[in-house]
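Here the structure is laid out as structure tokens; the discussion comes afterwards.
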Amino acid sequence: MPSPLPATADDDIDASEEKARSGIQSIEVGFRLLDVLTHEPRAMMLRDLAHRAGMSPAKAHRYLVSFVRLGVVSQDPLSGRYELGGFALQMGLARLARVDGVRLARIALAGLRDRLDQTVGIAVWGNQGPTVVHWMESSYPAKASLKLGDVMPLLSSATGLLFAAYLPRSKTQPMLDRELAANKQTIADIEPLLADVREHGAARVEGMLLPTIHAFCTPVFDSTGDLALGLIALGHEGAFDTRWGGEIDAALRECARGLSYELGYRASDAPAH
3 MPSPLPATAD DDIDASEEKA RSGIQSIEVG FRLLDVLTHE PRAMMLRDLA HRAGMSPAKA
63 HRYLVSFVRL GVVSQDPLSG RYELGGFALQ MGLARLARVD GVRLARIALA GLRDRLDQTV
123 GIAVWGNQGP TVVHWMESSY PAKASLKLGD VMPLLSSATG LLFAAYLPRS KTQPMLDREL
183 AANKQTIADI EPLLADVREH GAARVEGMLL PTIHAFCTPV FDSTGDLALG LIALGHEGAF
243 DTRWGGEIDA ALRECARGLS YELGYRASDA PAH
């Protein structure tokens with residue numbers, strides 16, 4: 003049966019479908035800039051960003067003007083350097099929050115916070131390192147200056163130590179190298195810390211990152227035995243039980259075991275670290 007539309011209309015439909023399949027090249031080109039910023043831990047100068055993305059500074063600047071307007075990229079008004087903006091953070095957090103383990107943990111954490119009356123949170127491994135994706139404060143919030151999207155240091159936070167101890171070294175090595183260099187340490191210096199985390203099955207710090215603030219971070223494993231996320235509890239010195247096997251440690255472990263089970267983890271699945 004002949005088409006009821008004029009031939010030119012059929013041609014237009016075919017052309018539109020072809021365009022839809024081919025995508026919008028300018029978006030894909032601009033995305034190269036976002037990809038570079040996603041994998042770079044520090045803000046970047048225009049020339050360096052453009053070079054890494056394989057385009058001229060003038061071309062990169064045109065894309066960046068639009069990205070800044072949209073909040074996907076931010077520019078430091080003093081240095082002129084670029085980094086991912088607030089909207090990029092919101093997109094990342096929204097995606098991470100859709101991971102099943104995070105959704106389950108958010109539900110479990112509300113009861114844990116009420117039971118312990120301590121500040122609790124969830125961290126996952128993001129592009130830049132251990133990233134806080136959920137946070138619930140106690141009735142007397144710890145002045146920890148933490149916020150959603152914060153990336154925790156590997157060697158001076160309970161969260162970082164947990165991920166450093168349980169993730170493959172290939173994932174943590176770049177961040178580990180930077181912190182070791184900054185602290186003038188070697189891998190041999192921190193291996194006992196990581197071994198202690200694995201021996202206890204959780205990480206604990208007492209005033210290491212912030213004076214008078216203590217914290218635990220307990221692992222939740224997925225069905226393959228890999229670390230899925232960390233459950234955090236922190237509080238003020240004098241109001242936070244730091245004992246292994248104490249109320250806070252025991253409650254975190256109980257919660258983590260339940261979440262790991264729901265994610266399909268069985269103790270025999272755990273890989274050697």
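Counted the way the working numbering counts, the sequence shown spans residues 3 to 275.
We put the CB at the ideal spot given by N, CA and C, even for glycine.
Query, Result
"Can you name, in chain order, every residue of its own chain whose Cβ lies under 6 angstroms from the Cβ of Gly87, other than the five neighbours on each side?", "Gly73, Val74, Val75 and Ser76"
"Buried or exposed for Leu80, going by 16 or more other Cβ atoms inside 10 Å?", "exposed"
"Might you give, ordered along the chain, the residues of its own chain that have their beta carbon closer than 7 angstroms to the beta carbon of His41, omitting 5 neighbours on each side?", "Asn129"
"Name the two residues that bound the continuous alpha helix (DSSP H) containing Val104.", "Asp102 to Leu118"
"So, using beta-carbon positions, are Ala230 and Cys219 closer together than 8 angstroms?", "no"
"How big is the Cα-Cα spacing for Ala258 and Leu35?", "38 angstroms"
"Can you tell me whether Ala269 is buried or exposed? The criterion is at least 16 other CB atoms within 10 Å of its CB, across all chains shown.", "exposed"
"Between the alpha carbons of Val70 and Glu208, how many angstroms are there, rounded?", "40 angstroms"
"State the start and end residues of the unbroken alpha helix (DSSP H) segment that holds Gly260.", "Glu249 to Glu264"
"Between the beta-carbon of Leu236 and the beta-carbon of Thr133, is there less than 8 angstroms?", "no"
"Comparing the CB of Gly32 with every heavy atom of the ligand GTP, is any distance shorter than 7 angstroms?", "In the structure shown, the ligand GTP is absent, as is every other ligand, since no ligand is present at all."
"Beta-carbon within less than 7 angstroms of Pro59's beta-carbon, same chain only, minus the 5 sequence neighbours each way: which residues are those?", "Leu48, Arg49 and Ala52"
"If we require 3 or more residues per run, which beta strand (DSSP E) segments fall completely within the segment 54 to 88?", "75 to 77 and 84 to 86"
"Would you list, in sequence order, the uninterrupted beta strand (DSSP E) runs of no fewer than 3 residues that lie entirely inside the segment 182 to 253?", "205 to 208, 215 to 223 and 229 to 238"
"What is the DSSP secondary structure of Gly32, counted as helix, strand or coil?", "helix"
"Whose C-alpha, out of Asn185, Ile124, Pro221 and His136, is nearest the C-alpha of Leu169?", "Pro221"
"In this structure, does DSSP put Ala167 in helix, strand or coil?", "helix"
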